[in-house]
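Colleague: Per my numbering, the very first residue in the sequence shown carries number 190; after that it's consecutive.
A virtual CB, placed ideally from N, CA and C, is assigned to each residue, including glycine.
Keep in mind that this is a model prediction, so the values were computed, not measured.
Before I ask anything, let me first share the structure, which is written out below as structure tokens.
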Amino acid sequence: MYALLGAALGVTIALGPTLAVRLRFVLIHINLLGFMTLMVAGVAFHLLPRFSSRKLPWPEGMRYQFILQNAGLLGMVTLHALRSWQGGEAHAVFVFFAILAGIAFAIMFYNLYFVLSAPEETTKPEKITGEMKVAEVLDYFPQAL
190 MYALLGAALG VTIALGPTLA VRLRFVLIHI NLLGFMTLMV AGVAFHLLPR
240 FSSRKLPWPE GMRYQFILQN AGLLGMVTLH ALRSWQGGEA HAVFVFFAIL
290 AGIAFAIMFY NLYFVLSAPE ETTKPEKITG EMKVAEVLDY FPQAL
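If you want it as structure tokens, here you go:
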């Protein structure tokens, strides 16, 4: 949706260059915060835990990140497009929406940081115990086959 909206805004600006000043912020944020960030987050949340064999520390955070990212983005671009974001209460509302988008980034960073960070190193066990998983036995004691 954001990609189509960004493309439509780009065509609009191309057809009416005088709109570039007013719509530049909206176009950039729709494309980068809307399309690119949500696309990267979606792909990262889907693939990285599988490739790293690590779970997201806060899976429910994906939902909050998505909601906050969309709310923050739509609020910012709406206020900016209507030119009602400067001064007074409108500026405070604009800042509120920007903070929502920032919180969404923090949630995304939190979840992906722990998936991408190196796992804690464990010491090699000296002997096979009944509490070990089969994969651990094969990793640490390949001669057990």
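1) Just the Cα atoms here: how many angstroms apart are P238 and L268?
2) Spatial neighbours of R243 within its chain, please: CB distance less than 6 Å, with the 5 preceding and 5 following residues excluded, ordered by chain position.
3) Which of the three DSSP states, helix, strand or coil, is assigned to I317?
4) Straight-line CA distance for L257 to G277?
5) Based on Cα-Cα distance, which residue from A281, L193, G205 and L245 lies nearest to L221?
6) At a Cβ threshold of 8 Å, is I217 touching chain C?
7) One question on the structure: do W247 and Y299 come within less than 8 Å of each other, judged by their Cβ atoms?
8) Would you mind stating whether A293 and Q332 have Cβ atoms separated by less than 8 Å?
9) Using the C-alpha atoms, what's the distance from M297 back to V266?
10) Leaving out five residues on either side along the sequence, give the residues of the same chain with a beta carbon under 6 Å from the beta carbon of V282.
Modeller: Taking the coordinates as given:
1) Using only the alpha carbons, I get a separation of about 37 Å.
2) Counting only Cβ-Cβ distances below 6 Å, and skipping sequence neighbours, we find V304.
3) Of the three classes helix, strand and coil, the one that applies to I317 here is coil, per DSSP.
4) Computed Cα separation, rounded: 23 Å.
5) The residue with the shortest Cα to Cα distance from L221 is L193.
6) You won't find chain C in this structure, because it holds only one protein chain.
7) Taking 8 Å as the Cβ cut-off, W247 and Y299 qualify as a contacting pair.
8) For A293 and Q332, no; Cβs fall outside 8 Å.
9) Cα to Cα, the separation comes out at about 21 Å.
10) For V282, where only same-chain residues beyond five positions count, there are no Cβ hits under 6 Å.
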